[in-house]
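Trainee: Protein chains in written order, with the UniProt record's numbering: chain R, 1 to 353; chain L, 1 to 1165.
Dropping the structure in here first, questions after.
Below you can see the structure in the form of structure tokens.
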């Protein structure tokens, strides 16, 4: 660096707010006059919100039934016992009877819930091939390695859909029957099995491979279904818009749950007389009991639920808001008391000084 | 990797620079006398050159110089080896050297060759035939001692340090000199040299013959800050913590696999290579190790470097540290030490050129009871008014306050009233000299007898040697700068000391040349504290002129001038209270007969062999009595601008300032008073000047006893330490003495005190003192002292100095040698600050920070240092926090995902979190944040204290971060979990899927950490806003982009979260959950911030409170407290420590023929 022969001030740093660290700035202060009202306001707002959330969550009706069939607790225990230790379990049916004393306000949604089922287990979660599911023919023939051991069948054919998630597709089925009058006949309640998957999943993410000669079956030729499946994937439904990879039950299942206890939408009840809800009367749910969960201590539940403005029943947020709101106010009071006491003390100290 | 390579490149460049410097020195050319041996050496490199080059001077490189070579040194040449002086161009083989690099003294020192060799002069034949043998001690670091013998022609000659020119000196005023190389920097086998004509035998052959300066150089070391150390420790902790967590999770996995996973194999078979849950859990351990490693903040190191770089740039850019007169901005030469600047506890300052400007000015005098010079108060105002920009910058903080404008205008008036005295009547006046009192000139012009006599005495009574290369351009070479100042003053007032021989002094008095016959010089020494000359005036009167310390001189005065003495003493009190160095001047007219008589006694005493010193001083006392008082002089050792203010500010910031100087004690103490390191309110000052271990120990003990009696009675931890000698480094606790004390310690005593057990005693005593002055220090001792404090106090030390004091000798040549010696001082301290003042860039080149005024130090420490420290601490706290909050969520999730090493977040989020989403806000925080602005930082130096105790980031703070991070991660996991548990959207479709959960947690996390940084930020610039909120906004953009249809369809296996953002974020409960997480994370923080100062008030909080109070209420104008010393202290006398040139001037030898040719002016008779 040459320092000589430079004009006076040549090395003078620029006089900008940035270089001189004088950028105009807002310097907020956490003073008592801000902090205390903040706490009280936040507390009140939270309590208000919490109450709203709590009551709207409480307003939602839920009807749930555990049909796992442990120790003869339900009609399904027969099926459960029959399926014990056999793989694949034999086809078996059971039923759940319930009655509604009053209208179950609609729209009503039918869910199944599994507990102790670790869909979020890492190796389980990655055991899928999204390329295959998005209809890429090459991926259909060559499933990703993550799918192993459900990548290739025993015969060496590529499995479609591959992977542990697809293989463990929930295959119990339910039908709902309504008895309007006591002793009357059971009428089947129409269950809308479409529109249960996310719009994006159904329309964008999951796609069937391109049809071969207008046939989906031909498109899947040369692939094997997952070992646990009884039917090939193109045969999941008769509806061409609901079969193959875009079968909605399948799509719903493929969206793996975050927690070991999870619900998945099975059907919506919104047709005919049932669009406003389930009227009073006796009901029967016929259950095709296929899915083994007792081996790993899981449970299967069937749930009818209504929906409010904020979704399904979940009291957690309401309670949490109430608790946090109360905490805010409590802390506000504590701080106020401390502030007043210590402020006086400090003032005295300063006076002494 | 990036971190390592950046560091490697940086270090590489540093190393290259150092090598370059070394090479420059090593390749510098030197003139070597080629004798038989040398030619052999010469030929081996350049084949074909004939042996006829014998007896010639050949240019060679310094690096090729060997012990035993005879070299020729020329004027202004730097000596790079220790050399035994053989002969020189000057009379009596005198050689003048400047040792500024060694001890910082700019005055010349004289070395004299022994007579046998001096006769050889520049006769090459004789010189090359010289075949003496030198026996000397092994190289050591004492610059003031050398013992050896020269055996030449069968006779032994004693060598002492007067014969030796040390490496690092510069030859001055000497056309040439020949020397024998005694020590070089490198060890070469002496046996190698064939037929040694000159043998140098070093007593202790275990040592390489390093030069004394190299021994004094100290080692340079790679500097790392405390924070760096702490960071490494913490990273280690985190690593262990990580291992612990992974272990817990692996165990959890083992249990889970046994209880559940085993039975779940229908749906999820184990991998073929997993034979049991044990194997699986081992694998999981490593999986979690990978997942959780984001907790070990690798990017931390890079970010820290960036922040330091940014803060270094601020230092470079600071206009308030730009010195306009020298056109030098401040420079942060090291970019790794910034935050350490905010933690400095000890400042070690050089004196000359650092505290002082190294300019002595004759500022006031009292002649025959009349005061000349301007009064102090006026001077203060004048300074304020005329002070150039640099000075005003130093008084920053008062700027812009009402009142200062008024002061300036007042000052301007005063300035017009007392402008510089015009010396144009005097052709020989030194143009650099300035004086502000016209009355003195008027008195001179009027021909006031006393004034004339006063100046005559000043122009006669000294040992200055003049040099007049161009006629009319006189340059004085004085043993002490004070003397130079006095003679210069006399010169400007019209009493020009023009030339001297050993018997005459020529003075041009008001244009008229007068020759005084020099009869005797009664030289100065430390006991006498005075010097006299006896001259015969042209009128044939014998006069004795004496100047000396007032305390001594007033006892020698004639009773008749008692009243005058009292008046003068009053003036002297005034002078001393202004921190000026004072001398009394007196004369005595001698009876011719009396003088003859005395002269005989004098020569008798002089020739006596026994007890000569004593006899001489008795003789001196005989004649130095009944003196007539003439007056007193006051010399100002000019301090740099704003030094006292800076030192006051620094001591308010509880920074201890030690002055380490090569200067003599009196000067150092005087300066210490002048710049407020010592003040008169101090309860006492201890002087340690013992010559052996026992006395030094006694002195230190008694000092400590006085300061804190109980500290000796208590069971002394240091004694315990010394008896047990544990391995662990020992930290000496801070002790509070009973009052304000000062300690002055001498270089000689220090040499003892630094040995063995005494060093702790010294440290304990010294650290209790308010100020410590160490004088007559060698560079190595400086480094040792710094090292001592650093080692046992575990605090940050800063060394400030300017290094060499002369620009001309350095100009053009970089001096790695000198650099090394200075580097030792700097390297020892945590931070080295170079003053790139009058003396060029050399100090700067080795320092970590460099600027041109001492007063910028307060800005460097209190503003830049504090900010850097605060920013770094905030950065670290936040950085650790955000990584904990981020990573630990995985830990909680493990309990709900079968310990399967499932990550909570999308892989893209993990990649971007540190790199993109959170990097800018935290950088913004650590580059722009200021808790209080610079004005307040300087106004309330107390704000600096937390840094010294490292309060803002330490292990405790780290644990707080950890706890906070754990809490946040709990909130961040369980709130979203509760929210999505069995939840469905308003259209009945479930939302509790893994991908939605990830998105919610990510979003909450980012909102929480953004809020956290918003809380930390106290200074919201536009850039902070953009960085903070922009990053959050950017996150959402990225989120929607990564989860968009197009991208996900293009790479379905890479971007798997198609549509999740849309489906999740339009659900109101997600936002309710995000808000809940944010509030839950913020509440304790706000509460803590609010309650902490109330429950545990720290001083800093009060100060900040006051600042905020002041900010909202306009300030009363600050009343400037004048720095005034109470006039009780009067030890200041202006003399060099050493004996002057007197003996040389009047030595028995007659004048050599070339003496007048060189140094004196042809006489006009």
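Note that the Cβ used here is the ideal one computed from N, Cα and C, for glycine as well.
Please name the residue or residues paired with residue 698 (chain L) in a DSSP beta bridge.
Mentor: Per DSSP, none; premise fails for residue 698 (chain L).
Trainee: Name, please, each residue of chain L whose Cβ falls closer than 7 Å to the Cβ of residue 260 (chain R).
Mentor: By Cβ distance, chain L contributes 896.
Trainee: Drop a sphere of 10 angstroms on the beta-carbon of residue 59 (chain L), count the other beta-carbons inside from all chains shown, and report buried for 16 or more, exposed for fewer.
Mentor: Counting Cβ neighbours within 10 Å, residue 59 (chain L) comes out exposed, since fewer than 16 surround it.
Trainee: Going by alpha carbons, who is nearest to residue 109 (chain L) out of L:481, L:428, L:474?
Mentor: Closest by alpha carbon: L:481.
Trainee: Just the C-alpha distance for residue 532 (chain L) and residue 522 (chain L), rounded to the nearest angstrom, thanks.
Mentor: Rounded to the nearest angstrom, the two C-alpha atoms are 5 Å apart.
Trainee: If we ignore side chains and look at the alpha-carbon of each, how far apart do residue 769 (chain L) and residue 644 (chain L) end up?
Mentor: Approximately 18 Å, taken between the alpha carbons.
Trainee: Given that a residue counts as buried once 16 or more other Cβ atoms are within 10 Å of its Cβ, and exposed if not, what is residue 1022 (chain L)?
Mentor: Exposed, because fewer than 16 other Cβ atoms sit within 10 Å of the Cβ of residue 1022 (chain L).
Trainee: Consult DSSP for residue 158 (chain R) and reduce its assignment to one of helix, strand or coil.
Mentor: Strand, per DSSP.
Trainee: Taking 9 Å as the CB-CB limit, is residue 1089 (chain L) close to chain R?
Mentor: By this cut-off, residue 1089 (chain L) is an interface position.
Trainee: Should residue 233 (chain R) be flagged as near chain L, meaning a C-beta pair shorter than 9 Å?
Mentor: It does not: the Cβ of residue 233 (chain R) has no partner Cβ on chain L nearer than 9 Å.
Trainee: Evaluate contact between the segment 1097-1106 of chain L and the segment 945-964 of chain L, counting only Cβ atoms and requiring at least three cross-stretch pairs below 8 Å.
Mentor: Yes, since at least three Cβ pairs between the segment 1097-1106 of chain L and the segment 945-964 of chain L fall closer than 8 Å, the two stretches touch.
Trainee: Using three-state DSSP, classify residue 673 (chain L) as helix, strand or coil.
Mentor: If DSSP states are grouped into helix, strand and coil, residue 673 (chain L) belongs with the helices.
Trainee: Considering only C-alpha positions, which residue in the set L:509, L:1000, L:1028, L:327 is nearest to residue 1066 (chain L)?
Mentor: Looking at the Cα atoms, L:1000 is the closest of the given residues.
Trainee: With H, G and I counted as helix, E and B as strand and the rest as coil, what does DSSP make of residue 684 (chain L)?
Mentor: Residue 684 (chain L) falls in the strand class under three-state DSSP.
Trainee: For the beta strand (DSSP E) containing residue 1166 (chain L), name the first residue and the last one.
Mentor: Summary: the structure shown does not reach residue 1166 (chain L), with chain L confined to residues 1 through 1165, and so no result is reported for it.
Trainee: Compute the distance between the beta-carbons of residue 925 (chain L) and residue 875 (chain L), then report whether it is under 9 Å.
Mentor: Yes, Cβ-Cβ distance for residue 925 (chain L) and residue 875 (chain L) is below 9 Å.
Trainee: At which residues does the alpha helix (DSSP H) containing residue 902 (chain L) begin and terminate?
Mentor: Neither: residue 902 (chain L) is in no alpha helix (DSSP H) and is coded neither H nor E.
Trainee: Would residue 339 (chain L) pass as an interface residue toward chain R - the criterion being a Cβ-Cβ separation below 9 Å?
Mentor: Not closer than 9 Å to any Cβ of chain R, the Cβ of residue 339 (chain L) fails to qualify, so no.
Trainee: Identify the contact partners of residue 930 (chain L) in chain R, using a Cβ-Cβ distance below 9 Å as the criterion.
Mentor: Residues of chain R passing the Cβ test: 21, 25, 27.
Trainee: Find out if the Cβ-Cβ distance for the pair residue 545 (chain L), residue 457 (chain L) is shorter than 9 Å.
Mentor: It is a contact, given that the beta carbons lie within the stated cut-off.
Trainee: Within the same chain, show all residues whose beta-carbon is closer than 8 Å to that of residue 57 (chain L), passing over the 5 residues directly before and after it, in chain order.
Mentor: Cβ neighbours of residue 57 (chain L) beyond the five flanking positions: 31, 32, 33, 34, 72, 124.
Trainee: So, with DSSP's three-state summary, where would you put residue 26 (chain R)?
Mentor: In this structure, residue 26 (chain R) counts as strand in the three-state DSSP scheme.
Trainee: Comparing the C-beta of residue 396 (chain L) with each C-beta of chain R, is any distance below 9 Å?
Mentor: Here the model assigns residue 396 (chain L) a pLDDT of 40, short of 50, so the residue's position is not dependable, and the following value carries that caveat. So, not an interface residue.
Trainee: To the nearest angstrom, report how far apart residue 886 (chain L) and residue 1010 (chain L) are at their CA atoms.
Mentor: So the two alpha carbons sit approximately 12 Å from each other.
Trainee: Whole angstroms is fine: what's the gap from residue 520 (chain L)'s alpha carbon to residue 691 (chain L)'s?
Mentor: So the alpha carbons of these two residues sit roughly 33 Å apart.
Trainee: What's the C-alpha gap between residue 304 (chain R) and residue 342 (chain R)?
Mentor: Using only the alpha carbons, I get a separation of about 57 Å.
Trainee: Given the structure, does residue 505 (chain L) come close to the ligand SAM, in the sense that its CB is under 8 Å from one of the ligand's heavy atoms?
Mentor: Among the components modelled here there is no ligand, and therefore nothing to report on the ligand SAM.
Trainee: How many angstroms separate the CA atom of residue 748 (chain L) from the CA atom of residue 777 (chain L)?
Mentor: Distance between the alpha carbons of residue 748 (chain L) and residue 777 (chain L) is about 8 Å.
Trainee: At which residues does the alpha helix (DSSP H) containing residue 767 (chain L) begin and terminate?
Mentor: 758-768 is the extent of the alpha helix (DSSP H) around residue 767 (chain L).
Trainee: Going by the DSSP bridge assignment, what does residue 65 (chain L) pair with across the sheet?
Mentor: Per DSSP, none; premise fails for residue 65 (chain L).
Trainee: So, is the C-beta of residue 1019 (chain L) closer than 9 Å to a C-beta in chain R?
Mentor: At least one chain R Cβ lies under 9 Å of residue 1019 (chain L).
Trainee: How big is the Cα-Cα spacing for residue 849 (chain L) and residue 328 (chain L)?
Mentor: Taking the straight line joining both Cα atoms gives about 13 Å.
Trainee: Have a look at residue 485 (chain L) and residue 91 (chain L) and give me their C-alpha separation to the nearest angstrom.
Mentor: Roughly 26 Å separates the two Cα atoms.
Trainee: Determine the closest residue to residue 159 (chain R) out of R:133, R:177, R:172, with distance taken between C-alpha atoms.
Mentor: Nearest option by C-alpha distance: R:133.
Trainee: Confirm, please, whether the CB-CB distance from residue 830 (chain L) to residue 790 (chain L) is below 9 Å.
Mentor: Their beta carbons are under 9 Å apart, which means residue 790 (chain L) touches residue 830 (chain L) by this criterion.
Trainee: For residue 53 (chain R) and chain L, any beta-carbon pair shorter than 9 Å?
Mentor: Yes - at least one Cβ of chain L is within 9 Å of the one on residue 53 (chain R).
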